[in-house]
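Chain order of the listed sequences is A, B, C and D.
Position one of the first sequence corresponds to residue 1 (the working numbering), numbered consecutively onward.
Position one of the second sequence corresponds to residue 305 (the working numbering), numbered consecutively onward.
Position one of the third sequence corresponds to residue 609 (the working numbering), numbered consecutively onward.
Position one of the fourth sequence corresponds to residue 913 (the working numbering), numbered consecutively onward.
We treat Cβ as the ideally placed atom computed from N, Cα and C, and that holds for glycine.
To keep things clear, I will list the structure first and then write my remarks on it.
4 protein chains.
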Amino acid sequence: MQHCIEEILENCRRYTLDGEVASYIPELSKANREEIGIYVATEDGDFFAGDWEKPFTIQSIAKTIFLMLAAKDNGIDFVKAHVGVEATGKSFNAIDYAEPLLLREHINPMVNIGAIAVCGMVKAVSNEERFQRLMTFSRRIMENDELQIDEEVYASEKKTGNKNRALAYLLKNSDMIYGSVEELLDVYFAMCSLKVNCRDLARMALVLAHHGKNVHTGEQVIPEEDAVFMNAVLTTSGMYDGSGEFATTVGIPAKSGVGGGIMADCPGRMGIGIYSPALDKKGNSVAGIRMLEVLSKSQKLSIF
Amino acid sequence: MQHCIEEILENCRRYTLDGEVASYIPELSKANREEIGIYVATEDGDFFAGDWEKPFTIQSIAKTIFLMLAAKDNGIDFVKAHVGVEATGKSFNAIDYAEPLLLREHINPMVNIGAIAVCGMVKAVSNEERFQRLMTFSRRIMENDELQIDEEVYASEKKTGNKNRALAYLLKNSDMIYGSVEELLDVYFAMCSLKVNCRDLARMALVLAHHGKNVHTGEQVIPEEDAVFMNAVLTTSGMYDGSGEFATTVGIPAKSGVGGGIMADCPGRMGIGIYSPALDKKGNSVAGIRMLEVLSKSQKLSIF
Amino acid sequence: MQHCIEEILENCRRYTLDGEVASYIPELSKANREEIGIYVATEDGDFFAGDWEKPFTIQSIAKTIFLMLAAKDNGIDFVKAHVGVEATGKSFNAIDYAEPLLLREHINPMVNIGAIAVCGMVKAVSNEERFQRLMTFSRRIMENDELQIDEEVYASEKKTGNKNRALAYLLKNSDMIYGSVEELLDVYFAMCSLKVNCRDLARMALVLAHHGKNVHTGEQVIPEEDAVFMNAVLTTSGMYDGSGEFATTVGIPAKSGVGGGIMADCPGRMGIGIYSPALDKKGNSVAGIRMLEVLSKSQKLSIF
Amino acid sequence: MQHCIEEILENCRRYTLDGEVASYIPELSKANREEIGIYVATEDGDFFAGDWEKPFTIQSIAKTIFLMLAAKDNGIDFVKAHVGVEATGKSFNAIDYAEPLLLREHINPMVNIGAIAVCGMVKAVSNEERFQRLMTFSRRIMENDELQIDEEVYASEKKTGNKNRALAYLLKNSDMIYGSVEELLDVYFAMCSLKVNCRDLARMALVLAHHGKNVHTGEQVIPEEDAVFMNAVLTTSGMYDGSGEFATTVGIPAKSGVGGGIMADCPGRMGIGIYSPALDKKGNSVAGIRMLEVLSKSQKLSIF
């Protein structure tokens, strides 16, 4: 397996040249597009190759954290009563939402507007507490007490996040955010700026792969049904508007972020963390998808 | 003429029952739907009937003020380089704007998103100065030094204006607003809360009817070409997404507001101010449109 | 006036280089983009310059013929009960119509889908009779008994008109077309292939300018109120999604066609026919609009 | 298992009252909304309950037949080069397709417009041969040589299918259909009118569940990779715009039709055929989804 991982990484390294580093936040454009890393966590041991230790910001993969904690806090039914789970066919930062109201069915938790709403469902008496709970949960599910926010990226997100601000005020206008919009956005921007590496993502994925259970400690981190729910949502909408294509070529639940990360989990088998910041036009890591495709085919990982 | 005006008002009074008072801002819902007034200003004298002295908030008719002052400050070409003049087929507070960018062609100065952008084009070193200049201009074009903001409506707009906030952050995201979004929105909300009556609107309309000239004082308030430009814009998009229908049944440049007001001008002939707060589904005064239709037909006012 | 017309044409000739001849029908792409002609018809005499005698196909200007005859046959209210008169903000051959039904308010008679519906409202027991009545009406309003269909263009339209076919079947699906879709499309395609020159358009425009009356013969070709209605519709939506801009720069009712023609009328004053087949991206004649802009400014033709 | 199936059917019978029989085709509205049947096919034996023998028309489930045969004929890559596999967030008969062209990414093979395009990719020198090949393939994959078209439903589809006609002409306009549109639609309408019962669907599903292999005969009906591809597509978009919700509550690849059928397959385990014609607003069988949800939970069938 270790050899297999290394070979896949080397064979896919050239695809880093086919994408572009995200530029919509100035800080993200500083990433090195040639970096590439992979980490595979299994119950029996871990395998890794390349730049798996390099830190990067989690970006949209934080949407899975919002959804897991909001579902744990409120139950899946409550969450689904407010945001739907249909793929929308829209890009992650779409603004063309239908009037006269923001329909529940149009707000997917894996696109920005839905993720902001779900972030606000994490139980807390203040947004400061909400942030602390999200950090504690992140450290626990990734088994890494050292996790920190990247302050430069956070400042950059906060400064340039006017489209997210627009989306949040639309939610506010539809009574889908309680309390301060700006404070909730601070939590959202901060969590998207969480600094992680491939191992962090692989460990979170391993928990999902084992239906909520940390196989190292035996702890049930999230309820089994929540993990099944997460895997379904990730499969239908985890890779932005490239989710359908990804299902046909890779066939495992996964979530990508514009920082270049992908978290992917094979139910019952393994958790995978990927890093390669050169993105395709949909915002997914080009080399990352290629590595997962080859790995899926060679190890017969597809759930289909 | 005076008799004609009175008769029209009485005949159209019953249409006040066909509409609903605006409710999207709590303060507006306090209006008395049975009120109805009209004021006709001509070079040779004024005519009026009904509740023409009752004050109401100007609301979207302020969009004409933003556009006149922004055009005067920057020239029509500058304004048109940033906001288009095509009817969009969208309701006044639409949010479904096309990505990947806010296209100039989709932003009409007579719908909210365009009006906020145009408001920001009024020259000033601060938003406080911007507001003062707009107030001074309003008092001058309406020949009324007593004009004031309705503080209750302003507070209500500011508190509940989250959709306008969303639109403004979209503009900010496209670099179409400079400086503070919240401060600019304060100017926008305040000007929409300007308290006017039918005479105020009729006098502003008379200036447009005489191509920018105040026929009482001889002063050229806005350039002639700006007045022609305004009349064209009002004709194609002054009555929200009811502008086409209004052109076929009434046929004069006009702008409505959800406070129940309509300002209408007949080039070369007269300025008209209307008040009747019962609105149709597009946000236009039901009885107001009926009065204008009958007046247009009886006086042959249509420009077509 | 004759001298003025000639000078305007020469000064605007260079704009023929700024556009492209229509290519969506193979036959249209054979036009000579350097051709340019103008014809001004007034009660007191006619003026003309350039290629005013060159024949071209009427294309979308036929939409005015459909609307005039359908309104004459059924009354304006009947027509407006089925198709709206709001500018849609869409291009002439848009297909993205809202579900669950084709809303009357979204179907403007000056865009393809609305024009096909209106064509079907022309009273006839067969589509053959419908076509003959439209031809007779065209010859009468243009005072030209020689008018013929361009058979090559007609064949080309029929062969490649699959988008119009799609629009027609949408109408059929909403019960807005009775009888054979293909037969009605034949009428539509044939009438769009009507061969006219600048004088033909100018004479039709002169009838509209005199509110339905042929000033040469004294005949009331269409009712006065229909002519006023037409002028309103042309002003708000006659120049495709460039109508708002045209209103601000030229300010007269007009209809363009992708064959390079523009019919424009100045109420009470004159009818204008334009030909110059180099089009802008919206499908309007570039040099044609420029000639009208200069003419409007020099002769103070704007209705605003 | 047999007992389990019977119990599930009885417990879910009441949900037949929560839906409505399809009415958009007159013939479909004749269905008895109280009928309900289920058939489970496994390698080791079959189980069934209720009205599993009742025939009904396959409707949209035919889309899987088009896609399987087109992929077999041309390869998956060819098919995906013309139609995408992203969920569109649109209802099955949506018409609001984006201009200026029909983007591959907007055309999913599980919605009407994509299915018509894919139907046309089935190799044949004539549409008559195309139809015969589709029938032969259907009989083979369902192991039923008796399969026939329901002539009444076919006639009804053909007569009222103007929206599908519109979609087909849009495809034609984008060069995505070769040859006669009407003939291809005949094939499409006929195949949607294929008369099947629960066993037929279960057997087709069993082939997909065993990755293309008929476990009774040992024959590889479609290539293994095609079956994996089909399961991915069905998971992300097989249940119209209810696919995301279905993935979270049931979690198995499935395709529904407005005739009341659902074909569902559990990779490696079983094929399921469902019939219950009372539909929810998205066009899916209400009681059918409920039966699958209970079955999935009790037998732990979810792939997530």
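**Q.** Own chain partners of residue 1163/D with C-beta closer than 8 Å, once the 5 adjacent residues on each side are dropped
**A.** Sequence-distant Cβ neighbours of residue 1163/D in its own chain, meaning closer than 8 Å and more than five residues away, are 1208, 1213, 1214, 1215 and 1216.
(Q) At the level of alpha carbons, what is the spacing between residue 521/B and residue 575/B? (A) If you take the alpha carbons of residue 521/B and residue 575/B, they lie about 16 Å apart.
Q | Buried versus exposed call for residue 656/C [16 or more other C-beta atoms within 10 Å across all chains shown] | A | With 16 or more other Cβ atoms inside 10 Å of its own Cβ, residue 656/C counts as buried.
Q: Kindly list the residues whose CB is nearer than 7 Å to the CB of residue 220/A, restricted to its own chain and excluding five residues on each side of it in sequence; keep chain order.
A: Result list for residue 220/A: 212 and 213, in chain order.
Q. So the alpha helix (DSSP H) residue 949/D belongs to, where does it begin and stop?
A. Per DSSP, residue 949/D belongs to no alpha helix (DSSP H); it is in the beta strand (DSSP E), 949-954.
Q) Which residue comes first and which comes last in the alpha helix (DSSP H) that contains residue 934/D? A) Looking at the DSSP string, residue 934/D is not in any alpha helix (DSSP H), and its letter there is neither H nor E.
Q: Report yes or no: is there a C-beta of chain C within less than 9 Å of the C-beta of residue 470/B?
A: Closer than 9 Å: no.
Q) Can you give the beta carbon distance from residue 472/B to residue 489/B, rounded, assuming they're within the 8 Å contact cut? A) At roughly 6 Å, the Cβ-Cβ gap stays under 8 Å, so residue 472/B and residue 489/B are in contact.
Q.
Please confirm whether residue 985/D has its beta-carbon closer than 9 Å to some beta-carbon of chain A.
A. No - not a single Cβ of chain A is within 9 Å of the one on residue 985/D.
**Q.** Contact list for residue 228/A against chain D, beta-carbon separation under 9 Å
**A.** Proximity of chain D to residue 228/A at the Cβ level (cut-off 9 Å) is accounted for by 1160, 1163, 1214 and 1216, in chain order.
Q. Given that a residue counts as buried once 16 or more other Cβ atoms are within 10 Å of its Cβ, and exposed if not, what is residue 279/B?
A. This structure leaves residue 279/B out entirely; chain B is present only between 305 and 608.
Q. Going by the beta-carbon positions, is the gap between residue 717/C and residue 804/C smaller than 9 Å?
A. No, the Cβ-Cβ distance between residue 717/C and residue 804/C is not below 9 Å.
Q. Taking buried to mean at least 16 other C-beta atoms within 10 Å of its own C-beta, is residue 1154/D buried or exposed?
A. Under this definition residue 1154/D is a buried residue.
Q | Residues bridged to residue 560/B [DSSP beta-bridge criterion] | A | Residue pairing by DSSP places residue 560/B opposite 566/B in a beta bridge.
**Q.** Same chain, Cβ closer than 6 Å to residue 890/C, five either side skipped, listed in chain order
**A.** Excluding its 5 nearest sequence neighbours in each direction, residue 890/C has C-beta neighbours in its own chain below 6 Å: 848, 849 and 850, listed in chain order.
**Q.** Closer than 8 Å at the beta carbon, the chain D residues around residue 85/A
**A.** Within chain D, the residues near residue 85/A are 1156, 1157, 1159 and 1160.
Q: Since I believe residue 1029/D is in contact with residue 1089/D (beta carbons under 8 Å), could you give me their beta-carbon distance rounded to a whole number of angstroms?
A: Correct: roughly 7 Å between the Cβ atoms.
Q. What separation, rounded to the nearest whole angstrom, lies between the Cα atoms of residue 405/B and residue 474/B?
A. Caution is warranted here: a pLDDT of 47 is assigned to residue 405/B, below 50, making its placement in the model unreliable, and no coordinate value can be reported.
Q | Residue(s) in a DSSP beta bridge with residue 425/B | A | Answer by DSSP bridge pairing: none, since residue 425/B is not bridged.
Q) What span of residues does the alpha helix (DSSP H) with residue 896/C cover, start to end? A) Looking at the DSSP string, the run of the alpha helix (DSSP H) that includes residue 896/C is 894-907.
Q: Can you check the stretch 1085-1165 of chain D for any beta strand (DSSP E) of at least 3 residues that lies completely inside it and give the ranges in chain order?
A: The qualifying runs are 1106-1108.
Q) Which chain B residues are close to residue 845/C, counting only those with a beta carbon under 7 Å from its beta carbon? A) The answer, in chain order, is 548.
(Q) Suppose you measure from the CA of residue 579/B to the CA of residue 322/B; what does that come to, to the nearest Å? (A) Whole-angstrom Cα-Cα distance: 15 Å.
**Q.** Reduced DSSP secondary structure (H/G/I, E/B, other) of residue 381/B
**A.** DSSP places residue 381/B in the helix class (H, G or I) of the three-state scheme.
Q. Around the Cβ of residue 686/C, are there at least 16 other Cβ atoms within 10 angstroms (buried) or fewer (exposed)?
A. Using a 10 angstroms sphere on the CB of residue 686/C, the tally of other CB atoms stays under 16, which defines it as exposed.
Q.
I'd like to confirm the pairing. Which residues does DSSP put opposite residue 886/C in its beta bridges?
A. The bridge partners DSSP lists for residue 886/C are 629/C.
Q: Could you say which of 598/B, 602/B and 538/B lies nearest to residue 368/B if we only look at CA atoms?
A: With distances taken between Cα atoms, residue 368/B lies closest to 538/B.
Q) How would you call residue 1144/D, buried or exposed, if buried means at least 16 neighbouring beta carbons within 10 angstroms? A) Buried, since its Cβ has 16 or more Cβ neighbours within 10 Å.
Q | Three-way DSSP call (helix, strand, coil) for residue 639/C in this model | A | Looking at residue 639/C - three-state DSSP - the assignment turns out to be coil, as it is neither helix nor strand.
(Q) Quick check on residue 64/A: does DSSP put it in helix, strand or coil? (A) Residue state, collapsed to three classes: helix.
Q.
Please return the same chain residues whose Cβ sits closer than 7 Å to the Cβ of residue 403/B, not counting the five positions on each side in sequence.
A. With a pLDDT of 47 at residue 403/B, under the threshold of 50, the modelled position of this residue cannot be trusted; read the value that follows with caution. Taking C-beta separations shorter than 7 Å and ignoring five residues to either side along the sequence, residue 403/B has no partners in its chain.
Q) Is there at least one Cβ from chain D nearer than 9 Å to residue 719/C's Cβ? A) Cβ-Cβ to chain D under 9 Å: no for residue 719/C.
**Q.** Residue of 292/A, 287/A, 294/A and 299/A minimising C-alpha distance to residue 14/A
**A.** Among 292/A, 287/A, 294/A and 299/A, the Cα nearest to that of residue 14/A belongs to 287/A.
Q | Inter-residue CB distance, residue 795/C and residue 735/C (contact presumed, cutoff 8 Å) | A | That belief holds up - the Cβ atoms of residue 795/C and residue 735/C are roughly 5 Å apart, short of 8 Å.
Q: Report the option in 760/C, 823/C and 898/C whose CA atom is closest to the CA atom of residue 799/C.
A: Nearest option by C-alpha distance: 760/C.
Q) Listing by chain order, which chain A residues have their CB less than 7 Å from the CB of residue 477/B? A) One finds 162, 163 and 166 in chain A with Cβ atoms closer than 7 Å to the Cβ of residue 477/B, taken in chain order.
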